[in-house]
Amino acid sequence: MNPQLSTQQAQYNVPPSGYGGQNYAPQNAQGQMKQGPPQMPLQYQQNPQQFPNAPTPASPMRQPTVHMQPMQSPVSSQGMVPPSNQQFTTGNQINSNPNALPSQNTNLPHTMRPQPPNVSTMQPNQLQFSQPFNSQTMQQTRQPGVISNNPLTNVGNVQGIAQSQQAPHLGGSMPPHMSQQSSHIMPSQNSLQQQPVSSSLQANQNMSLAGPAMTAPQRMGIPPGGPGGSQYPPGVAPGGSVNEVSAQMASMNLNGPQSFPPQQMGLGGAPMKATNAYPPTMQPGPRYPSVNGGPQPHMNGLPDSSGPGRGNIPPPQLQNRYPAMDNSGIQQNSGYGGSAHPGMPPQLSGGYAPPQPGYPQPSPYPGQQPSYPGQQQPPRRLDPDLMPSPMQVMQDDQKTKSGIFYTNQKGLVPPLVTTDFIVQDQGNASPRFIRATMYNVPINSDMMKQTSVPLGLVISPMAEVLEEEQPPPLVDFGELGPVRCVRCKAYMCPNMQFIDGGRRFHCLLCKASTEVPAEYFQHLDHTGLRVDRFERAELVLGAYDIVATKEYCRDNIPPKPPALIFLIDVSYNNVKSGLVSLLCSQMKSFLQCLPKERGEEKSSLRVGFITYNNSVHFYNLNPNLGQPQMLVVGDTQEMFMPLLDGFLADVEESESLIDTLMAQIPSMFGETRETETILAPAIQAGLEALKASNRAGKLLIFHSSLPIAEAPGKLKNRDDRKLLGTDKEKSVLTPQNTVYNNLGQECVGVGCSVDLFITNNSFIDLPTIGQVARLTGGEVYKYTYFQADLDGERLVTDVQKNIRRLCAFDAIMRVRTSTGIRPTDFYGHFFMSNTTDVELASIDPDKAIALEIKHDDKLAEEEGVYIQTALLYTSLTGQRRIRVLNLALKSCSQMTELYRACELDTIINFLSKQSVYKLLDSTPKAVKESLIIRSAQMLACYRKNCASPTSAGQLILPECMKLLPLYVNCLLKCDAISGGSDMSIDDRWFTMAAVMTMDIPSSLNYFYPRLLSLHDMEDDFPSSIRCSAEKISDNGVYLLENGIYMFLWLGLAVPSQWLMSVFGVENTALVDIETSRLPIIDNPLSQKIRSLISNICSSRHRSMRLTIIRQRDKMEVVMKHFLVEDKGIDGSSSYVDFLCHLHKEIRNLLS
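Under the UniProt record's numbering, the first residue of the sequence shown carries the number 1, and numbering increases by one thereafter.
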């Protein structure tokens, strides 16, 4: 059956709702639904697009020139021509030719003719997707059988998107409504062309949506073909004939006029090599196994082929569930992956994976539809390679901002977190410690509301600095104590101005004047600055530590060095899995990792040990004893500390006793059959131990099962994963009782942090027991189905990293701002007993806290904004200190200034934490919808107020936000927000907790995973490629990692020489995929690959298990879930789909 379109098919049935794939379906003249044309395979290129004319900091307003070159457009048998009413713009503008580039499967010739360049101008620092505007919209009708619960309303009303997501244009008859549709895609400041394909051939005529086969792009998760969007009546574009404008639109290129051969071009005009973009078959299976002990991602990957020309084809009644969609470019009102409500991923159009429960599903669309011979509509698609590329953005930033970053300017936007730079602190804190979402703050709240860009900070106060950078120095004011503002209590910093000959200082935060203490007085020079400023770190640096006096200590008593307590669950599960023996055998290596203060020879931390099952066991390690003593507390209702001296030991003094204890514990509990365990009393025991010793500290708890023993904190099994992804999911993602919340608050009160190492084989209720880690600033590690021989190395590495980190204990953080703004909301793992103080039992270098700042008054544009963060904490040596971080931002009255100084990575980190927080109070649908609406408002405000006047059909992106659609789509697809019933409740909460604590580099890597091509790597570290299945070939080897998971994908056609060098086998089928380690083979390639994997793992604060995946294995679907630019197997939108939908939302806002 050949899917073909007649010229009568100018009307489209637009379902207003439905949780589904492509909600576009053509109609014939009688109003019957017809299937759209199939999709052609997408040719792709290995390198991201180049933006050679991207503005640099030295010339932010530079205007590029765009040259366009014609290509003769094929004329259909009915005299129709490709879209004609196209206008060209420049700047960072993206234009998409509907005559899209053919894939290499088509082998169709191209005809090229020269044409004088066409040049125009636009607003600088913006990215445009140009499309004609047509005010005539089509009639919207409701699709039969689609339940109207989807917030992406009116997806079909997408003037000008009709064919953007489809295969290249092939000649043939063209409906009248499509003759006017045009879409030219052009990345920042350059024109990228999509070439027309000869009309002499018809593509994939044997593939229909209702038939037994799917095109390759459909198998890869790309929406099937079929026109959609608003009806465009035929006509001639203003300013030229149809043929003239068609010729203008036919060809655009990166580097000015040049002729292209009949194949898609790579960077610099080089043809790209053909690779097989479509990995072969994978069966989704009922439930894929746990990969990294953490979250188990739902099957959100892409379906692929199971034979020549066909994929895992569902039955016809499922395959035609969603009619075809054909998008004609990034033009007004596009559809979010065909879904009908903003924020919710659409449902899979083919029956590859079960729909997520909890969402009403559209009825299956009726199966076979008649074909119309002789009326075939050539499909078109919008090339994802022409979309803004994160790799290109990172490369451009590396070129322009690498090197030394001086912090002496107010409101200076720092380099991206991916850029290699060295910070020279000259008055503002390093961006490694604190970053703002914007560095130019609007002067009033009205501007903030209009732009919808959040004003927020992401703070990692204990972040590690590079070896080349100076760590924050320690400032000691002696008996005087810290010098502070008399009104707002801000600490002395470079933002204080000395007046009255140095006798007073003026605080720029609250505008008050404070008398300088006599001990701190110093004369001023002729510029009004203190003559000793270069001798005092607090007067010239943005980040420094201050020695706190006893007034800053609990009960005015200086603290003791912190302690580390190991709590080991010795129930049957942990003994059988080998965890108890592993921990005891590795304890010496753990204690060798105890952190040392800078300049100290040994660690000051004390250590203690507790074991528990249905009772709690303390161990006396007093060095005067001949061997350790065990004290058992069986009354778990009222936990107490049975000994005062000897529990917390000095590692060196009690080394022999610790060794003896570690040898005895496995034998003491080796024959246990105890399966019912406690947890809350064990945590209480560690808390009481720290209380008794008057120390802050950390509990490392190794726990395996749901605490069901009769004791405080006993929990019920409420594992109902079907609620995930529904409006009722918060009932299982919130605690089932308050025991662990109260325990967490009590822990914070004494500076006791809790880290959980979970080795569960079944439901353990992390939403409840994890509250202790959340409230104390702790962390959760998860190793589902733990086996010591498989996961032991990973757990040992995690424990060593955890202990080695330089933590701040018993901390309180306060953020002060200049008048006119104030911090309002905080996101992260901590406890707040009031509205201003963030209490953290501990905070380590890998954790970040996000906060939102709002206006409470109008700002003065000339004064700017000043922010000071102060973290009062106990150091590793037991010294009370204050870490001060200062940041000065500009203020502006023009929106253009705001959009020039935004930091997208920080915005995404902030929005991710805010969204996860809202999930516990709202519904997933509402959270996702608000994300999309807010993103659309950001871009619509820029389009309305900052961009030069252009056609209403153009999507214009600010330079600093051109990746916003990509990153927001990644955020919508991530397990923390979209995890459904195909993952466990524990896994879902684990991902939510991970996102809430991630710093900016970690969140960037998590939401947009790093995909590396290993089979052709020339350097020691290969460059990243786009996260899409189209970049994967069956003769390649690829490494994908996101900080939690790591996959090594092997194509079936990998050269035998490569396999012999790395795996010692000649065929991919012979590779052992059960192992998580590469074999040690003595050759350069093997050493290079192993070194690469080792370096990646060491750069992440969680150790990742290497999962080896062969092409066509069932585990392939797990990896494909993380190819975030593609359409997900659960129907979540591809990058291009979401970009189109976002444009639709923008058009709605502007209209």
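Even glycine gets a Cβ: it sits at the ideal position worked out from N, Cα and C.
Can you have a look at residue i and say buried or exposed, based on whether 16 or more other CB atoms are within 10 angstroms of its CB?
{"i": "MET1075", "result": "Looking at the sequence itself, residue 1075 is Thr, so the reference to Met does not match. THR1075 is exposed by the Cβ-count criterion."}
{"i": "THR835", "result": "exposed"}
{"i": "GLY626", "result": "exposed"}
{"i": "ILE1146", "result": "buried"}
{"i": "GLU903", "result": "buried"}
{"i": "ASP1072", "result": "exposed"}
{"i": "ILE1080", "result": "exposed"}
{"i": "GLY269", "result": "Caution applies to GLY269, whose pLDDT of 36 falls short of 50 and renders its modelled position unreliable; the value that the coordinates give is listed next. Label assigned to GLY269: exposed."}
{"i": "LEU644", "result": "exposed"}
{"i": "MET496", "result": "buried"}
{"i": "ILE907", "result": "buried"}
Which two residues bound the contiguous beta strand (DSSP E) that contains residue i?
{"i": "ILE546", "result": "543 to 547"}
{"i": "VAL780", "result": "780 to 782"}
{"i": "PHE421", "result": "421 to 424"}
{"i": "GLN629", "result": "629 to 633"}
{"i": "PHE647", "result": "Segment: none, PHE647 is in no beta strand (DSSP E) and carries neither H nor E."}
Can you give me the C-alpha to C-alpha distance between residue i and residue j, rounded to a whole angstrom?
{"i": "PRO1009", "j": "GLU515", "result": "53 Å"}
{"i": "ASP844", "j": "ILE565", "result": "17 Å"}
{"i": "GLU467", "j": "ILE853", "result": "33 Å"}
{"i": "SER603", "j": "GLY725", "result": "47 Å"}
{"i": "ARG1090", "j": "GLY1128", "result": "31 Å"}
{"i": "THR734", "j": "ASP555", "result": "35 Å"}
{"i": "PRO965", "j": "LEU939", "result": "10 Å"}
{"i": "LEU766", "j": "ILE1096", "result": "28 Å"}
{"i": "GLN629", "j": "PHE618", "result": "8 Å"}
{"i": "PHE702", "j": "TYR612", "result": "10 Å"}
{"i": "TYR740", "j": "LEU706", "result": "13 Å"}
{"i": "ARG934", "j": "ASN1005", "result": "23 Å"}
On the three-state DSSP scale, how would you describe residue i?
{"i": "PRO772", "result": "One detail in the question is off: residue 772 reads as Val in this sequence, not Pro. The answer is helix: DSSP assigns VAL772 an H, G or I state."}
{"i": "SER1024", "result": "strand"}
{"i": "ASN886", "result": "strand"}
{"i": "THR677", "result": "coil"}
{"i": "LEU1048", "result": "strand"}
{"i": "ARG1105", "result": "coil"}
{"i": "TYR899", "result": "helix"}
{"i": "TYR785", "result": "coil"}
{"i": "ASP837", "result": "coil"}
{"i": "ILE907", "result": "helix"}
{"i": "THR660", "result": "helix"}
{"i": "ARG816", "result": "strand"}
{"i": "HIS855", "result": "strand"}
{"i": "residue 1157", "result": "Because the chain here runs from 1 to 1151, residue 1157 falls outside it and cannot be looked at."}
{"i": "TYR406", "result": "strand"}
Along the chain, where does the alpha helix (DSSP H) containing residue i start, and where does it finish?
{"i": "PRO924", "result": "924 to 945"}
{"i": "PHE990", "result": "985 to 997"}
{"i": "TYR740", "result": "739 to 750"}
{"i": "SER948", "result": "SER948 -> no alpha helix (DSSP H), and no H or E assigned at all."}
{"i": "MET394", "result": "390 to 401"}
Of the residues the options, which one's Cα is nearest the Cα of residue i?
{"i": "ALA518", "options": "LYS511, GLY502 and LEU509", "result": "GLY502"}
{"i": "ASN802", "options": "GLN1111, LEU594, THR923 and LEU920", "result": "LEU594"}
{"i": "ILE882", "options": "ALA436, ALA548 and LEU480", "result": "ALA548"}
{"i": "TYR1135", "options": "LYS1144, HIS1143, GLU1125 and GLY820", "result": "GLU1125"}
{"i": "GLY828", "options": "GLU479, PRO431, ALA993 and LEU1123", "result": "ALA993"}
{"i": "LEU1052", "options": "PRO623, ILE867 and SER1033", "result": "SER1033"}
{"i": "GLU929", "options": "ILE956, THR877, LEU972 and GLN914", "result": "LEU972"}
{"i": "ALA436", "options": "LEU887, PRO472 and VAL799", "result": "LEU887"}
{"i": "THR819", "options": "ILE867, ASN945 and SER585", "result": "ILE867"}
{"i": "GLN424", "options": "VAL393, PRO471 and LEU386", "result": "PRO471"}
{"i": "TYR873", "options": "PRO461, VAL607, ASN1148 and PRO384", "result": "PRO461"}
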